[in-house]
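Using my numbering, the first residue of the sequence shown is number 1439, and each one after it goes up by one. No residue lacks a Cβ here, since even glycine has one placed at the ideal position from N, Cα and C. Below: the structure, in structure tokens.
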Amino acid sequence: MKSSTKVQIYLGAATEQDVLDCVSCKPDFMGFVADDNIIGNEALDGHVLPSLSQVKHLFTLIPNHICKVALVFRNSFDDIASVLEYLQPDVVHIACKKPIPLAELSKLRSTFSHVKIMLAIAINKPNAITVALGYQHLCDYFLLDSEGSDEEHPYGVGATGATHDWNTSAELVNRVAIPVVLAGGLSVNNVNQAINIVKPWAVDSFTHTNLAPNRLSRKDPKKVSAFINLVKGD
């Protein structure tokens, strides 16, 4: 049975072929880290995160019907604006651990009205729903994920490969008025269960569709295809 649930696929280390392989799997969103804090400027050989200039090139390989997502771990207008001006993404995914001030987010929304705002909400924090309710008037999507330790995940929310409390996620979905993307440890082994419990607008995969479970791994096209086909019922 066909499903209307959308799918977002994140790429870590990637080559042009990795991007084309993911495009062929027909996700609805494709994203890259777009933050100079954690990306360098080395050869695009599939062993490092792409630089901003490389991400800009890789975006050109993604057709217009797939939304291009830029992931940032900043919480200031100036820092995020420079990325948006350079990359021209369809969506900016803000996933900083330190909350972005409402005034900065409001300025982003008014200045870059053509760019959708996806804000990461750390579901494993005790005030997750309250935080979301305070931001929803300035966001187009929430992405529900887990916040890792400062030692292993110093920059932002997500990429832990771990699930969180889906019952809390389900409550958040019921209480907010904008689309919700469920992330955090999703794979072919649990995504249908997660969808049944949370009923998100979309699901996100990074770690468990990689060749290896780390952020410097390339994508496994077979895992990407299996994940998307399972979600969409193809």
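In this structure, what does DSSP give as the bridge partners for residue 1505? Note: residue 1505 sits in a beta bridge opposite 1467.
Got a sec, what are the start and stop residues for the beta strand (DSSP E) residue 1446 sits in? Annotation for residue 1446: the continuous beta strand (DSSP E) segment containing it runs 1444–1449.
Flag this pair as yes or no: are the beta carbons of residue 1509 and residue 1469 separated by less than 8 Å? Cβ atoms of residue 1509 and residue 1469: closer than 8 Å.
Using CA coordinates, which residue listed in 1608, 1623, 1502, 1565 is at the minimum distance from residue 1466? Ranking the options by Cα distance to residue 1466, first place goes to 1502.
Go ahead and label residue 1541 buried or exposed: buried means 16 or more other beta carbons lie within 10 angstroms of its beta carbon, across all protein chains shown. Under a 10 Å Cβ-count criterion, residue 1541 is classified as exposed, with fewer than 16 other Cβ atoms of the shown protein chains found around its own Cβ.
Where does the unbroken alpha helix (DSSP H) through residue 1637 begin, and where does it stop? Residue 1637: not part of any alpha helix (DSSP H); DSSP gives it neither H nor E.
For residue 1587 and residue 1563, I'd like the C-alpha separation in whole angstroms. Reliability of the predicted coordinates at residue 1587 is poor, the pLDDT of 48 falling under 50, and the value obtained from them is presented with this limitation in mind. About 12 Å.
Assuming residue 1561 and residue 1603 make a contact with CB atoms under 8 Å, what is their CB distance in whole Å? A Cβ-Cβ separation of about 6 Å places residue 1561 in contact with residue 1603 under the 8 Å criterion.
Contact check, residue 1544 vs residue 1581, beta carbons under 8 Å: In this structure, residue 1581 does not lie closer than 8 Å to residue 1544 by Cβ.
Is residue 1665 helix, strand or coil by DSSP? Here residue 1665 sits in helix by DSSP.
Would residue 1655 be called buried (16 or more neighbouring beta carbons within 10 Å of its own) or exposed? So residue 1655 ends up on the buried side.
What did DSSP end up calling residue 1497 once you bin it into helix, strand or coil? Three-state result, residue 1497: helix.
Give every residue of the same chain whose Cβ lies closer than 6 Å to the Cβ of residue 1617, excluding the five residues on either side of it in the sequence, and list them in chain order. Excluding sequence neighbours, residue 1617 sits near 1579, 1639.
Write down the C-beta distance between residue 1649 and residue 1642 rounded to the nearest angstrom, noting that I regard them as a contact closer than 8 Å. 18 Å between Cβ atoms; not a contact.
Residue range of the unbroken beta strand (DSSP E) whose run includes residue 1650: Neither: residue 1650 is in no beta strand (DSSP E) and is coded neither H nor E.
Within the segment 1534–1578, note down every full beta strand (DSSP E) run reaching 3 residues or more, in order along the chain. Correct list: 1554–1560.
Excluding the five sequence neighbours on either side, which residues of its own chain have a C-beta within less than 6 Å of the C-beta of residue 1427, listed in chain order? This structure cannot speak to residue 1427, because the chain is shown only from 1439 to 1672.
Can you tell me where the alpha helix (DSSP H) with residue 1457 in it begins and where it stops? Counting along the chain, the unbroken alpha helix (DSSP H) around residue 1457 starts and ends at 1454–1462.
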